[in-house]
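In my numbering, the protein residues as written are 2 to 427.
All C-beta atoms in this analysis are idealised placements derived from N, C-alpha and C, irrespective of residue type, glycine included.
Shown next, in structure tokens, is the structure this report addresses.
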Amino acid sequence: MLDRRLVREEPEKIRQALEKRGYEFDLDTLIATEAQRRELLTAVESRRAEKNELSEQIGDTMRAGGDAAALKEHSTQIGAELEELEQELGQVEERFEQMMLDLPNIPLDEVPVGESEQDNVVMYEVGELPKFDFTPRPHWEIGEQLGILDFEGAARMAGARFVTDVGAAATLERALINFMLDTHTRKHGYTEVFPPYLANERSLFGTANLPKFEDDLFKTTDGYYLIPTAEVPLTNMHQDEILDADRLPIYYAAYTACFRREAGAAGKDTRGMVRVHQFHKVELMKFVRPGQGSAELEKLVKDAEVILQALELPYRRTQLCTGDMGFQPQQTFDLDVYCPGMDRWLEISSCSQYGDFQARRCNTRYRPQPPAKPEFAHTMNGSGVATGRTLLAILENYQQESGTVVIPEVLRPYMGGMAEILPQMP
RNA sequence: GGAGAGGUGGCCGAGCGGCUGAAGGCGGUCGCCUGCUAAGCGACUAUGGGGGUAUAAGCCUCCAUCGAGGGUUCGAAUCCCUCCCUCUCCGCCA
Numbered sequence: 002m003l004d005r006r007l008v009r010e011e012p013e014k015i016r017q018a019l020e021k022r023g024y025e026f027d028l029d030t031l032i033a034t035e036a037q038r039r040e041l042l043t044a045v046e047s048r049r050a051e052k053n054e055l056s057e058q059i060g061d062t063m064r065a066g067g068d069a070a071a072l073k074e075h076s077t078q079i080g081a082e083l084e085e086l087e088q089e090l091g092q093v094e095e096r097f098e099q100m101m102l103d104l105p106n107i108p109l110d111e112v113p114v115g116e117s118e119q120d121n122v123v124m125y126e127v128g129e130l131p132k133f134d135f136t137p138r139p140h141w142e143i144g145e146q147l148g149i150l151d152f153e154g155a156a157r158m159a160g161a162r163f164v165t166d167v168g169a170a171a172t173l174e175r176a177l178i179n180f181m182l183d184t185h186t187r188k189h190g191y192t193e194v195f196p197p198y199l200a201n202e203r204s205l206f207g208t209a210n211l212p213k214f215e216d217d218l219f220k221t222t223d224g225y226y227l228i229p230t231a232e233v234p235l236t237n238m239h240q241d242e243i244l245d246a247d248r249l250p251i252y253y254a255a256y257t258a259c260f261r262r263e264a265g266a267a268g269k270d271t272r273g274m275v276r277v278h279q280f281h282k283v284e285l286m287k288f289v290r291p292g293q294g295s296a297e298l299e300k301l302v303k304d305a306e307v308i309l310q311a312l313e314l315p316y317r318r319t320q321l322c323t324g325d326m327g328f329q330p331q332q333t334f335d336l337d338v339y340c341p342g343m344d345r346w347l348e349i350s351s352c353s354q355y356g357d358f359q360a361r362r363c364n365t366r367y368r369p370q371p372p373a374k375p376e377f378a379h380t381m382n383g384s385g386v387a388t389g390r391t392l393l394a395i396l397e398n399y400q401q402e403s404g405t406v407v408i409p410e411v412l413r414p415y416m417g418g419m420a421e422i423l424p425q426m427p
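If you want it as structure tokens, here you go:
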């Protein structure tokens with residue numbers, strides 16, 4: 002959520018941001034509502050002051066043994082007027098609040114302006130695209146033939162858009178989790194976190210998944226939501242807290258399952274494990290001070306890249322344009338891994354900074370200097386990286402003509418020394 | 001799931017229906033004291049919002065907030081109801 006003061010003080014900034022994003026929004030109504038809210042607030046408050054003053058007089062009179070009946074009557078009368086005004090204010094406030102929740106974050110100036118994915122900027126590519134003497138196959142073929150990815154079984158036990166890792170694939174994904182967490186905690190200074198997979202409504206408002214993106218989420222009958230990403234629990238770890246300044250920056254790394262309904266993705270990526278309802282990733286998340294955002298995000302992206310480099314997977318880094326960026330970020334960098342079997346670049350990490358957009362919703366602040374007022378912390382996060390898609394990328398990049406898959410060097414210690422995945426019959 | 005206790009400022013902890021935005025302590029900031037350090041002394045120290053004033057920092061003023069929401073009352077941290085959370089004991093369980 003944006004600072005409501007911006008609406009009054011710098012509406013042009015918001016207007017430009019909306020334009021750059023190509024985002025439909027009735028800003029003029031918002032501005033008018035804000036003005037109306039302020040007007041009503043002033044009226045309500047002066048009435049309330051009057052009433053408080055009267056109450057005090059009543060108290061004084063009664064303590065002095067006098068008769069306060071007339072004063073009480075007057076107070077009751079003001080109370081009635083007050084109630085009406087308050088109701089009106091409540092409605093306006095509610096409308097204003099709803100509109101504010103609908104307002105996307107303001108992109109940083111350096112974000113390239115564009116309309117769609119087509120306008121994203123590829124910053125660099127790392128690693129050689131693999132060459133094959135045979136036609137490389139997509140991961141679902143490799144996985145099914147080796148007997149390590151079970152799509153049919155998953156469909157029977159759960160439904161479409163699920164996958165079950167079996168045997169070496171299960172071990173491989175576990176190895177990836179451990180390798181990524183170890184790297185981030187031991188080499189990059191992140192604190193490992195293992196959070197709940199369910200979160201309450203407020204937390205999803207905190208990360209701005211609600212109210213706009215309810216359709217993407219699974220909700221339980223108890224009113225909990227399955228987390229669509231570890232960003233949700235991590236960003237909400239310090240709800241309503243005022244952090245000591247010397248705690249910042251805070252680095253968290255968490256492995257979690259992620260659950261998404263993919264309601265708007267019908268017919269898209271239906272084959273394989275590119276887009277499934279439950280996937281897994283290691284997430285990196287930071288709380289930083291204002292001003293540290295860009296430098297810390299850069300480090301975060303590099304931390305994620307280290308994983309892909311160690312796995313020797315070819316990847317590229319892109320900067321999303323204003324039109325393709327999500328609702329919450331000020332700036333987003335994607336890492337796409339090349340998948341020769343599908344012959345496409347596949348997003349494997351998306352790293353964004355949010356400024357105080359999320360922290361304002363979560364009410365996570367810090368105190369710059371002890372006497373100074375608390376300020377909102379700034380947040381950012383990115384995958385470091387998605388394990389399911391990494392597994393898929395390994396299958397496609399490390400496939401052999403015989404149908405086996407070689408295990409990347411760095412993962413072998415995590416797999417009991419296994420160097421190659423051979424066909425399995427469970 | 002059953003029984004009980006409790007949720008107050010950065011933290012701990014008082015609090016009679018009006019004089020309590022809240023005693024006291026800790027912590028913090030500034031000043032004094034001091035050969036240095038420590039101790040001591042004094043002042044200040046919640047958050048959000050509205051209005052006014054100022055070139056700004058700021059200053060003045062009002063409103064709200066004592067887990068959340070409702071109610072009683074002229075007036076609620078204080079009384080009543082609902083919900084949430086924490087703790088203790090019992091039960092159940094990985």
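Contact under 9 angstroms by Cβ, residue i with residue j
| i | j | result |
| --- | --- | --- |
| Leu347 | Asp337 | yes |
| Pro137 | Pro409 | no |
| Ile228 | Ile107 | no |
| His140 | Leu150 | yes |
| Met181 | Tyr252 | no |
| Tyr415 | Arg248 | no |
| Asn382 | Glu242 | no |
| His185 | Asp304 | yes |
| Asp335 | Arg318 | yes |
| Lys282 | Arg276 | no |
| Leu177 | Leu412 | yes |
| Gln293 | His379 | yes |
| Leu147 | Thr391 | no |
| Gln329 | Ser353 | yes |
| Glu263 | Val127 | no |
| Arg5 | Gly207 | no |
| Glu94 | Arg38 | yes |
| Val302 | Ala254 | no |
| Glu297 | Val289 | yes |
| Glu87 | Val45 | yes |
| Arg9 | Ala36 | yes |
Identity of the residues DSSP links to residue i by a beta bridge
| i | result |
| --- | --- |
| Asp337 | Arg317 and Glu348 |
| Ile178 | According to DSSP, Ile178 bridges with nothing at all. |
| Cys259 | Phe280 |
| Arg413 | Arg413 is not bridged to any residue. |
| Leu227 | Leu199 |
| Gln400 | Val406 |
| Arg368 | Asp245 |
| Ala387 | Lys282 |
| Gln332 | Gln354 |
Where residue i falls: helix, strand or coil (DSSP)
| i | result |
| --- | --- |
| Glu421 | strand |
| Thr30 | helix |
| Thr380 | strand |
| Tyr198 | coil |
| Asp183 | helix |
| Lys269 | coil |
| Asp245 | strand |
| Gly23 | coil |
| Ile251 | strand |
| Lys220 | strand |
| Ser353 | strand |
| Gly327 | coil |
| Leu205 | helix |
| Thr192 | strand |
| Ala360 | helix |
| Leu3 | coil |
| Ala373 | coil |
| Gln240 | coil |
| Gly342 | coil |
| Pro212 | coil |
| Glu232 | helix |
| Glu13 | helix |
Whole-angstrom C-beta distance between residue j and residue i, which should lie under 8 angstroms
| i | j | result |
| --- | --- | --- |
| Leu285 | Tyr355 | About 14 angstroms separates the two Cβ atoms, so there is no contact after all. |
| Leu218 | Leu205 | 7 angstroms |
| Glu174 | Gly389 | 7 angstroms |
| Val164 | Ala171 | So it is not a contact: roughly 11 angstroms between Cβ atoms. |
Worksheet item: Which runs of the alpha helix (DSSP H) spanning at least 4 residues fall entirely within the stretch 115-174, listed in chain order?
Response: 140-147 and 152-158
Worksheet item: Unbroken alpha helix (DSSP H) runs of length 4 or more, entirely within the stretch 273-324: which are they?
Response: 294-311
Worksheet item: Quick one: complete beta strand (DSSP E) runs, 3+ long, within the stretch 45-128?
Response: 122-127
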